[in-house]
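Participant: This structure is in structure tokens; I'll ask about it shortly.
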Amino acid sequence: MGWTTFPVEQAGTALGTKIRDIYGFDNDRVVSRVIDSMVRIDEAYLAVHQAHKEDGASQIFAVVCQIQRDRGQIAVHDMTEFAGPLNTACPSRILRCLTDTDNPTALAWRGRCLEKQMKHDNPKDLFIGDTVQFDKPIRFTDGQVFTMLRYDGADAWRGVDAAGNAVTESVTIRDAYTQDWRLIGPDPFRNAETTWDFDDGHGIVAAHRHPNGGGLVADTAWVDPLAFVDREASVAGFVRIYGKVRLEDRSKARDNAVLEGRVRLADDAIAEQEAHLSGWSAALGRSIAQGRGVMRDRTVIDGMATLKDRGLMCDGSRLSGRACLQDDGRMSGQSQGTGRAVIRDAAQLRDSALATDSAVIKGMSVVGGTEKVTYNRMVDGAQQDIQAPPKAARRNSR
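Counting in the numbering used here, the sequence shown runs from 112 upward without gaps.
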């Protein structure tokens, strides 16, 4: 590819357009898109997924962009890894996205990138189970000393003997990252775990690491390349994930759950059974979305809240604390359920209504407006509609 030059003030827009035009397209033969990228001041690295429509063959390869600025102008020159770029500071997360290749030029470039990364100072370059060699010995609290440790996630490590076997329990070492170390195994380009037990009742199953984030994914599940699965997060069963969904921290998606759009699972949240999350919805804390529960739009469940059965959350509603939305209950608008509140049966909580403490809303009740249902109050009835009176009406009633 040649150089493309344009004014500096147009750099952001022009560079984005260049990437989309060259590597983001869908024609009669190929579907191509950028699944990850990193842009620095003088260079950019892309992971590009291309699939051929005729035979279904696909690959993920790297693209390197050199960026130069001079006299109010910016110039961009891009080339694939098959052309042997000189830039070799490609981040690990992009290298891990790439599929295997037998192209000698691409292999040589990947090797140069790996050689440059042999010295690390960032734990985000590690997968759980990776073994690293420290320049200086690390002393455990029981007095044992090791130079090789196995990464267990967060700040946890295990001592490793000369044969590469972990010989200690997992120990927290918070200052380990301050020392120089290098990765010695497994191969950082690997993209597979042969088997894994997801603790979902199916025992040990075939699994692999998701290229964007490194989290474990069962081979029976499907995760969009654009999605992010954190190293300690997991996707099991027959889960389907579409779009830029994010599974962060220790969150889990399992069974037949479906996540799409910009959904975010974080902390220890779980989406399971036949739960369906879409839009910008988020499950945080130790919350659980299960059954045939549905979350859409910008809804949030947090704390130890539970969405189950055929419960529906939409608009900007929020469920937190130990609150529960179950049966055919529905939350909409900016309504909130918190504390130990329960919304069940075919009841509705809508508008800016609040259910808190140990409140129970059931039957076909409809609670809306700015009404608050608190303490141990129960709202029940075949058709009960509770609305907070307007301010003027409240003043006149005094």
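A virtual CB, placed ideally from N, CA and C, is assigned to each residue, including glycine.
For the 8 Å Cβ check, are there 3 or more pairs between the region 315 to 322 and the region 254 to 269?
Facilitator: no
Participant: Which class does P336 belong to by DSSP, given the choice of helix, strand or coil?
Facilitator: coil
Participant: Skipping 5 residues on each side, what residues in its chain have a beta carbon closer than 8 Å to that of R509?
Facilitator: With a pLDDT of only 47 at R509, under the threshold of 50, the placement of this residue in the model should not be trusted, and no figure is reported.
Participant: Assign P215 to buried or exposed, taking buried as 16 or more other Cβ atoms, counted over all protein chains shown, within 10 Å of its Cβ.
Facilitator: exposed
Participant: Name the two residues that bound the continuous beta strand (DSSP E) containing C176.
Facilitator: Unbroken beta strand (DSSP E) run through C176: S169 to D181.
Participant: Less than 8 Å between the C-beta atoms of C176 and D166, yes or no?
Facilitator: no
Participant: Please list, in chain order, all residues of the same chain as I284 whose beta carbon is under 7 Å from its beta carbon, the five residues on each side excluded.
Facilitator: I249, D266 and W268
Participant: Going by C-alpha to C-alpha distance, which of D181, H160, Q179 and R180 sits closest to F172?
Facilitator: Per the Cα distances, H160.
Participant: Would you report the Cα separation of P322 and R365, rounded to the nearest angstrom?
Facilitator: 19 Å
Participant: Between the Cα of T212 and those of L460, G222 and E343, spot the shortest distance and give me the residue it belongs to.
Facilitator: G222
Participant: Select from V356, W114, N487 and M149 the residue whose C-alpha is nearest the C-alpha of P202.
Facilitator: M149
Participant: Does the beta-carbon of E226 have 16 or more other beta-carbons within 10 angstroms, so that it is buried, or is it exposed?
Facilitator: exposed
Participant: Cα separation between R301 and T116?
Facilitator: With a pLDDT of 43 at R301, under the threshold of 50, the modelled position of that residue is not reliable, and the figure given next carries that caveat. Straight-line Cα distance between these residues: approximately 37 Å.
Participant: For G480, which beta-bridge partners are listed by DSSP?
Facilitator: DSSP, once it has assigned bridges, lists no residue as partnering G480.
Participant: Let me check understanding here. Comparing Cα to Cα, which of G450, G432 and T417 lies closest to G440?
Facilitator: T417
Participant: Suppose you measure from the CA of G444 to the CA of E359; what does that come to, to the nearest Å?
Facilitator: 27 Å
Participant: Per the contact definition of three or more C-beta pairs closer than 8 Å, is the region 442 to 457 in contact with the region 407 to 426?
Facilitator: The region 407 to 426 is in contact with the region 442 to 457.
Participant: Suppose you measure from the CA of A394 to the CA of W333; what does that come to, to the nearest Å?
Facilitator: 20 Å
Participant: Could you check the C-alpha separation between A200 and L206 for me, to the nearest Å?
Facilitator: 10 Å
Participant: Under a Cβ-count criterion, where at least 16 other Cβ atoms within 10 Å of its own Cβ denotes burial, should I295 be classed as buried or exposed?
Facilitator: exposed
Participant: Could you check whether V328 and R351 sit closer than 8 Å to each other, using their CB atoms as the reference points?
Facilitator: no
Participant: Buried or exposed for Q401, going by 16 or more other Cβ atoms inside 10 Å?
Facilitator: buried
Participant: Exposed or buried, what is Q184 when buried is set at 16 or more other beta-carbons lying within 10 Å of its beta-carbon?
Facilitator: exposed
Participant: Per DSSP, what are the beta-bridge partners of K473 in this structure?
Facilitator: Per DSSP, none; premise fails for K473.
Participant: Can you give me the C-alpha to C-alpha distance between G324 and C425, rounded to a whole angstrom?
Facilitator: If you draw a straight line from the Cα of G324 to the Cα of C425, it is about 29 Å long.
Participant: Give a yes or no on whether the C-beta atoms belonging to A386 and S398 are separated by under 8 Å.
Facilitator: no
Participant: For A382, which residues of its own chain have a beta-carbon under 7 Å away from its beta-carbon, when the five flanking residues on both sides are left out?
Facilitator: A364, A368, L370, L376, L388, A394 and A400
Participant: Excluding the 5 residues flanking A217 on each side, which residues of the same chain have their C-beta closer than 6 Å to its C-beta?
Facilitator: Here the set comprises E192 and F193.
Participant: Can you give me the Cβ contacts of G135 inside the same chain, cut-off strictly under 8 Å, excluding the 5 residues immediately before and after it?
Facilitator: S143, R144 and V145
Participant: For Q447, count the other beta carbons within 10 Å of its own beta carbon; 16 or more makes it buried, fewer makes it exposed. Which is it?
Facilitator: By the neighbour-count rule (16 or more Cβ atoms within 10 Å), Q447 is buried.
Participant: Thinking C-beta only, is T242 closer than 8 Å to F275?
Facilitator: Correcting the residue type first, residue 275 is Gly in the shown sequence and not Phe. Against a cut-off of 8 Å, the Cβ pair of T242 and G275 comes out as a contact.
Participant: Within a Cβ cutoff of 7 Å, which residues of the same chain sit near C208, ignoring the five residues on either side of it in sequence?
Facilitator: Apart from the 5 residues on each side of it in sequence, C208 sits with its Cβ closer than 7 Å to the Cβ of I146, D147, A158, I171, P322 and N323 in its chain, given in chain order.
Participant: Suppose only complete runs of 3+ residues qualify. What are the beta strand (DSSP E) ranges in the region 130 to 160, listed by chain order?
Facilitator: 141 to 150
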